[in-house]
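Worksheet: one structure, shown below.
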Amino acid sequence: MQMISDKSRVLIASIHTVPREILAEIFSYLKGGYRDKVPAHARTETLLPTHVCQRWREIALSTPTLWNNIYINGSSSPKSVRDSEVECISAWLARAKDCPLAINLRRSESWSNEYDFATDDSWTTIFDILLRNSHRWRHAILISTSRTDFSGLRNNLPLLETLEINSPLGFAHVSGDAFEIAPRLSNLTLSLGTYIDILPWAQLKVFVTDHDLSLVHCLGLLQKMPNIVSISTEIWYINPESCGVINAPLSMTKLESLSIVEINPFSMSGFLTCLTLPSLKSIKFSADGPPDGDPDDDWGLAVISMVQRSACSIKSLEIESAFWSGPSTIGDLLQVTPQLETFGIGSNTEYDISNAIQSLMVPIGACSTPCLAPGLQHLKLLYQPSFEPQAFVDLVESRWRVTPGGSVTIIRSIKLTHIPSAAIFSSSHLERLGEFAAEGLDIETSDADEKPILFELGSVSS
Numbered sequence: 356m357q358m359i360s361d362k363s364r365v366l367i368a369s370i371h372t373v374p375r376e377i378l379a380e381i382f383s384y385l386k387g388g389y390r391d392k393v394p395a396h397a398r399t400e401t402l403l404p405t406h407v408c409q410r411w412r413e414i415a416l417s418t419p420t421l422w423n424n425i426y427i428n429g430s431s432s433p434k435s436v437r438d439s440e441v442e443c444i445s446a447w448l449a450r451a452k453d454c455p456l457a458i459n460l461r462r463s464e465s466w467s468n469e470y471d472f473a474t475d476d477s478w479t480t481i482f483d484i485l486l487r488n489s490h491r492w493r494h495a496i497l498i499s500t501s502r503t504d505f506s507g508l509r510n511n512l513p514l515l516e517t518l519e520i521n522s523p524l525g526f527a528h529v530s531g532d533a534f535e536i537a538p539r540l541s542n543l544t545l546s547l548g549t550y551i552d553i554l555p556w557a558q559l560k561v562f563v564t565d566h567d568l569s570l571v572h573c574l575g576l577l578q579k580m581p582n583i584v585s586i587s588t589e590i591w592y593i594n595p596e597s598c599g600v601i602n603a604p605l606s607m608t609k610l611e612s613l614s615i616v617e618i619n620p621f622s623m624s625g626f627l628t629c630l631t632l633p634s635l636k637s638i639k640f641s642a643d644g645p646p647d648g649d650p651d652d653d654w655g656l657a658v659i660s661m662v663q664r665s666a667c668s669i670k671s672l673e674i675e676s677a678f679w680s681g682p683s684t685i686g687d688l689l690q691v692t693p694q695l696e697t698f699g700i701g702s703n704t705e706y707d708i709s710n711a712i713q714s715l716m717v718p719i720g721a722c723s724t725p726c727l728a729p730g731l732q733h734l735k736l737l738y739q740p741s742f743e744p745q746a747f748v749d750l751v752e753s754r755w756r757v758t759p760g761g762s763v764t765i766i767r768s769i770k771l772t773h774i775p776s777a778a779i780f781s782s783s784h785l786e787r788l789g790e791f792a793a794e795g796l797d798i799e800t801s802d803a804d805e806k807p808i809l810f811e812l813g814s815v816s817s
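If you want our numbering, it's the 1-based position in the sequence shown plus 355.
Written out as structure tokens, the structure is:
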């Protein structure tokens, strides 16, 4: 017992010799992310060191950077923000001292109309406190109704870099010029139903919105954002919507990532023909619903034309809910994307999987025989009725067991989704796939509910 006691004293003494700065750095790894959707969890992570011992508590409370993520949300019952939230926010702001702040406002689930916002005294108090500290905001996730007054933010956002505004009631029109002057703002996210009259569009680098824009509206916004690097939005297209008001094709020289959800029918051609994107690296296209596009609309050809016109090097291409029609094939698309590293075909897409597998197959002796997408590292395919298990297994092997030192990069992950049953694979197929997995290949097969079918060597679930 004495020996155990002596060892315990040594261990305790050792932890007490750790410098305060080192402990503060360790505590920082417990800090919750400012985007956490469950504020209580994020707060708990930050508070953990304060409940260990007096020394740790003193160090944590005196480290401003642990407290500069401010989380606020209403309780579900009663229909209001608790008074204790006001005390909590005031305490965290005091502990953060002069550190830049990250603000995360989340609404009460029970709030169902603007009256709940306008009559909640605690919420109003918290909002006023935060407005008085807006000069310290670096990141802000805000909620808005038509009654929310942001005028106090005017010319008082010198540090703001990231802004997200959500409309918990489904619609919010942010009028005025509260956000016009924010010299560091580069990242903007607007939820469905959120409109802002005046913004520093020209300085934005990232723009994300769940709101569906018309084709002309989207192109008009792009004209206002010459420095945009990444955009994600929804587009509705009414044929024949005129692009005459836009100087097409519109050249966006800095745009690297394009993510578009198009309201049915899937018809990306009209949008892509209006763009020239020389820096584009990542494309993600999907439709809002099952594929029911015009059989005569060859959007694949539009992608090919845009890539050729732009002379861009695509590294990531993802497609969901698309109707792949027309004369263009996956092979044609791969021909113009030789730098491709990630290729994914997701749910609700109708395509020729046999052509896809054949086009992606690495020929024997690829050192001297050229192949499509030689740098491919991540592949996702959607099961189709014409799927051939043997061809798929051969594809996997051709991409995994490549010739060392050759021009083809070894693939890192392969996914096959929406498989009806493990029975489509024979025991020999499963054995070969299991060998690849045992050698280190990340390979996943799943059903329509994303439940794994082949999840470990020699074991399947049907």
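C-beta atoms are modelled at their ideal positions from N, C-alpha and C, and glycine is treated no differently.
Close Cβ partners of residue i (< 6 Å) along its chain, the five nearest in sequence each way excluded
i	result
residue 497	460 and 520
residue 859	As displayed, the chain neither begins before 356 nor continues past 817, which places residue 859 out of reach and without an answer.
residue 445	none
residue 711	685
residue 811	Reliability of the predicted coordinates at residue 811 is poor, the pLDDT of 46 falling under 50, and the value obtained from them is presented with this limitation in mind. Nothing listed; no residue qualifies.
residue 508	489 and 533
residue 551	529
Contact check, residue i vs residue j, beta carbons under 9 Å
i	j	result
residue 577	residue 543	no
residue 545	residue 571	no
residue 639	residue 674	yes
residue 729	residue 763	yes
residue 535	residue 554	yes
residue 631	residue 607	yes
residue 693	residue 727	yes
residue 798	residue 788	yes
residue 672	residue 699	yes
8 Å contact criterion, which residue i and residue j should meet: CB distance rounded
i	j	result
residue 455	residue 491	6 Å
residue 457	residue 423	6 Å
residue 704	residue 737	5 Å
residue 660	residue 709	With 8 Å as the limit, residue 660 and residue 709 do not qualify as a contact, their Cβ atoms being about 25 Å apart.
residue 846	residue 618	Because the chain in this structure spans residues 356 to 817, residue 846 falls outside the shown range and cannot be described.
residue 540	residue 518	6 Å
Own chain residues within Cβ distance below 8 Å of residue i, not counting five before or after
i	result
residue 414	375, 378, 379, 382 and 404
residue 499	505, 520, 521, 522, 527, 529 and 549
residue 796	751, 755, 766, 767, 768 and 769
residue 419	450, 451, 452, 453 and 454
With 16 other Cβ atoms within 10 Å as the buried cut-off, status of residue i
i	result
residue 754	buried
residue 803	exposed
residue 526	exposed
residue 805	exposed
residue 696	buried
residue 373	exposed
residue 772	buried
residue 440	buried
residue 401	buried
residue 706	buried
Delimiting residues of the beta strand (DSSP E) encompassing residue i
i	result
residue 459	456-461
residue 615	612-617
residue 521	517-521
residue 542	542-545
residue 527	527-529
residue 699	697-700
Boundaries of the alpha helix (DSSP H) in which residue i is found, first to last residue
i	result
residue 827	Outside the displayed span of the chain (356 to 817) sits residue 827, for which this structure offers no information.
residue 741	That residue, residue 741, is in no alpha helix (DSSP H); it is neither H nor E in DSSP.
residue 478	476-487
residue 376	375-383
residue 662	654-665
residue 572	570-579
CB contact check: residue i to chain D, cutoff 9 Å
i	result
residue 763	Included in the structure is just one protein chain, with no chain D present.
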